[in-house]
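Here is the structure we will look at.
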Ligand SMILES: Cc1cc2nc3c(=O)[nH]c(=O)nc-3n(C[C@H](O)[C@H](O)[C@H](O)COP(=O)(O)OP(=O)(O)OC[C@H]3O[C@@H](n4cnc5c(N)ncnc54)[C@H](O)[C@@H]3O)c2cc1C
Ligand code: SF4
Ligand code: SF4
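Here you go:
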């Protein structure tokens, strides 16, 4: 026989002013099974909880109903109270008589009557509750970081520093990401390589970090604490362990007409190459599209030159499988394609470049050794015009509706650096708004205008065309209310940035959600900004939204803290309200697995006794309790009525319906 | 609600998903946005947990209206649950309509955790529509009543 205790809270006057709490307790006391029914001013207070604890012990209660505020507020509190008195925490039900009763109704009789109904409904449900225990699953103490830009590097370093093993899987041939391509960085103007490459080296030297470049995620299975990941290590045709990065092969390679990706295609590289001097790993890679040996079997010069026999033309992709407790997505961004913006002539004129190309043109290790020349004739430009917001804040559908956030600052940086190094160069900037919030950021922008005399023009550019060897930038000057045409030698487009396209595939594999712009969604925009809604998946860097380096690094470290918090646990408590299939009813029809968003359901062959000493083998559904999130989709879809949800079972909900409908 | 005498107020069962709509109802409460006390809420983890049986049972037991509230499409805490709910309920509701349970007595609404005002507005509107239809007798089954 069940012994139920009912505890009606006044919540000061929050409930008691509109609900006759004494009457509620008196009426509910008469319900079958209820042995004690009391009220108290603040049930959640220490005294209130003590009252509940004592009542449980003194009366040997088998379950309690608390009529109080929303279960979203204090269900966890009262579960703990029950547990500390020796009751199973799932033998607790809450009747929400504050948010959903006293606060919205004015008439005392009406509110009291409703509170009684809600209490009855909770009692009816509680009678069908069963003690639940949440399962546990072990945590694999290793993290995976997908993407080796500054975000992935920082997250990996922090996780490794905390003592956990971490693998970085990077799709290109080196870690470093976009930051490695930058020249100097705002707001302090220190050179990107000087601050990034030491961190890259730290990664390579850290015993806890394993870097897998030129590798891709093939598949992800499992769940928080227990992911199984297949990684494709693509053939680079060079043995990573043997190559010393001497670079002799690069000099001897006769096929030199490959586009240098690191320099944004502004110059060429041989078929065998090291992406850049400080690449990590500092190991050569062969481009199979370009290598004469791999394409038609003729050549093989590099293998002959290599002192350590590192070249292996027969190397094949290799798939390895590893286990991880947590996954960090740090896949970063790329500038958008400018095919929708023909008016700026990017595809037509060589001297219309993107800002990232300009970074390479200004970089001492770039195609022009840091001497700013225009790509067409290698002459120094005398007039440079920048166009901001190319494809950002664009609601026409050609570009992106959001602000790329970094372009105002890097354009000010470019303008300033150019005026500093080449003082006789004229610099114009077309802008819609200048947005420079951030510590020392607005000061930085003002310096460009006030100290370096950069000409900022508020207005949009209509088109760029060529006339007499000059690039004519035609736009509007909204402040002086006139049309202007600026004959320029170089035009720089601050192209919008977008998430790396491969993030869609990654998001699908790890079941993380992405927004309409392909940025990964956080579990809570304000309070859980570095976690994905999927447990065990964390977000680092621009893949979550546009940001600059300081912000990226802060987020990366925050993300690492969350990962370390997870990895420091030996076991994870699973959700106790999980689905469960009654094997005697299940027909193994497979319908339930199809609707489960988490892949929690599998099928197993089981032997059942069928009488007469005989057995039969049947296929039945089996729910992985560590994976099931308890949505209940499968329970409704099951045609045999075999699948049910613990804590929200068919019978429990029916009992609530009954209690509510009883007049 | 004037159509019904005070003895017989409409009885409305609202299934609310834990993550969005139940929180939206809480927000309506903390913002003191009232709706009729005839609405009684049952908390479910997700709108996809609502079995058509629950709704049939409610009508058999004499409910006058049943409403299911979930997260907005695309915002489901479990990614896809509300799409299942939407598909299942549109089938069920048209079947119920065929059985004589008017379309105004059943409804699916998307209410986010931030939409306290919407929750209250939806409940006010639904309750007055149901009240206007009067008592539901079509599925009421006396054997289901004690
Ligand atoms: C022109 C320009 C100038 C800038 N100047 C500044 C500046 O002066 N100061 C400043 O603070 N910020 C500046 N920024 C911003 C800065 O570049 C970014 O904040 C920073 O690079 C973001 O780092 P990230 O690691 O998030 O992304 P990324 O640098 O894009 O790194 C992502 C990495 O993930 C890899 N990857 C992608 N997909 C996969 C996959 N599926 N599997 C495995 N690996 C994958 C990529 O290859 C890449 O290595 C500038 C940006 C631009 C465009
Ligand atoms: S309750 Fe949801 S998560 Fe759990 S097995 Fe069923 S469909 Fe999958
Ligand atoms: S839907 Fe029901 S009967 Fe079919 S496999 Fe799943 S639990 Fe078994």
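Protein chains in written order, with this note's numbering: chain A, 1 to 663; chain B, 664 to 809.
Glycine included, every Cβ here is placed at the ideal spot set by N, Cα and C.
Residue from A:335, A:349 and A:344 whose Cα sits closest to the Cα of residue 178 (chain A)
A:335
8 Å Cβ cutoff, residue 117 (chain A) in contact with chain B
yes
Do you know how far the Cα of residue 686 (chain B) is from the Cα of residue 708 (chain B)?
12 Å
What are the residues that DSSP puts in a beta bridge with residue 223 (chain A)?
A:226
Can you round the beta-carbon distance between residue 357 (chain A) and residue 509 (chain A) to whole angstroms, since I take them to be within the 8 Å contact cut?
Not quite, the Cβ-Cβ distance comes to about 32 Å (not below 8 Å), so this is no contact.
Residue 13 (chain A), DSSP secondary structure in three states
coil
Touch test, the region 376-386 of chain A against the region 158-168 of chain A, Cβ-Cβ under 8 Å, three pairs minimum
no
With DSSP collapsed to three states, give me the class of residue 784 (chain B).
helix
Own chain, CB closer than 6 Å to residue 651 (chain A), minus 5 neighbours either side, in chain order
128
Give me whichever residues DSSP pairs with residue 606 (chain A) in a beta bridge.
A:618
Give me the chain B residues within the contact set of residue 110 (chain A), using Cβ-Cβ distance strictly less than 8 Å, ordered along the chain.
700
Consider the Cβ of residue 725 (chain B): report whether some Cβ of chain A lies at a distance smaller than 8 Å.
yes
Only counting runs of 3 or more residues, tell me where the beta strand (DSSP E) segments fall wholly within the region 726-779 of chain B, in order along the chain.
728-733 and 769-773
Output the distance between the C-alpha atoms of residue 23 (chain A) and residue 594 (chain A), rounded to the nearest integer angstrom.
49 Å
Classify residue 544 (chain A) as buried or exposed, calling it buried when 16 or more other Cβ atoms lie within 10 Å of its own Cβ.
buried
Does the region 398-416 of chain A come close enough to the region 366-373 of chain A that 3 or more CB-CB pairs lie under 8 Å?
no
What are the residues of the region 571-590 of chain A that lie near chain B, defined by any Cβ-Cβ distance shorter than 9 Å?
577
Please classify residue 212 (chain A): is it buried, with 16 or more other beta-carbons within 10 angstroms of its beta-carbon, or exposed?
buried
In angstroms, rounded to a whole number, what distance separates the CA positions of residue 665 (chain B) and residue 698 (chain B)?
In this predicted model, residue 665 (chain B) has a pLDDT of only 40, less than 50, meaning its place in the structure is not dependable; the value taken from the coordinates is given anyway. C-alpha separation (whole angstroms): 15 Å.
Where does the unbroken beta strand (DSSP E) through residue 210 (chain A) begin, and where does it stop?
209-212
Relative to ligand 1, is the shortest distance from any of its heavy atoms to the C-beta of residue 179 (chain A) smaller than 7 Å?
yes
For residue 495 (chain A), does the three-state DSSP call read helix, strand or coil?
strand
Which residues DSSP lists as bridging residue 329 (chain A), in chain order:
A:146 and A:539
Report the three-state DSSP secondary structure of residue 47 (chain A) (helix, strand or coil).
helix
Just to check my reading of the structure: residue 64 (chain A) and residue 7 (chain A) have Cβ atoms closer than 8 Å, yes? What is that Cβ distance to the nearest angstrom?
6 Å
Does ligand 1 have a heavy atom nearer than 7 Å to the CB of residue 145 (chain A)?
no
Per-residue contacts from residue 20 (chain A) into chain B (C-beta, under 7 Å)
By Cβ distance, chain B contributes nothing, its closest Cβ being about 14 Å from residue 20 (chain A), past 7 Å.
Could you tell me whether the region 130-139 of chain A touches the region 207-221 of chain A, using the rule of 3 or more Cβ pairs below 8 Å?
no
Any C-beta of chain B sitting closer than 8 Å to the C-beta of residue 527 (chain A)?
no
How about the region 83-90 of chain A and the region 116-127 of chain A: do they share at least three Cβ pairs that are nearer than 8 Å?
no
Taking Cβ positions, are residue 436 (chain A) and residue 408 (chain A) nearer each other than 8 Å?
yes
Can you tell me whether residue 462 (chain A) is helix, strand or coil according to DSSP?
strand
Whose Cβ in chain A lies nearer than 8 Å to the Cβ of residue 768 (chain B)?
What residue 768 (chain B) touches in chain A: nothing, since even the nearest Cβ is about 14 Å away.
Does residue 233 (chain A) come out as helix, strand or coil in the three-state DSSP assignment?
strand
Beta-carbon proximity of residue 770 (chain B) to residue 718 (chain B), cut-off 8 Å:
no
Are the C-beta atoms of residue 531 (chain A) and some chain B residue less than 8 Å apart?
no
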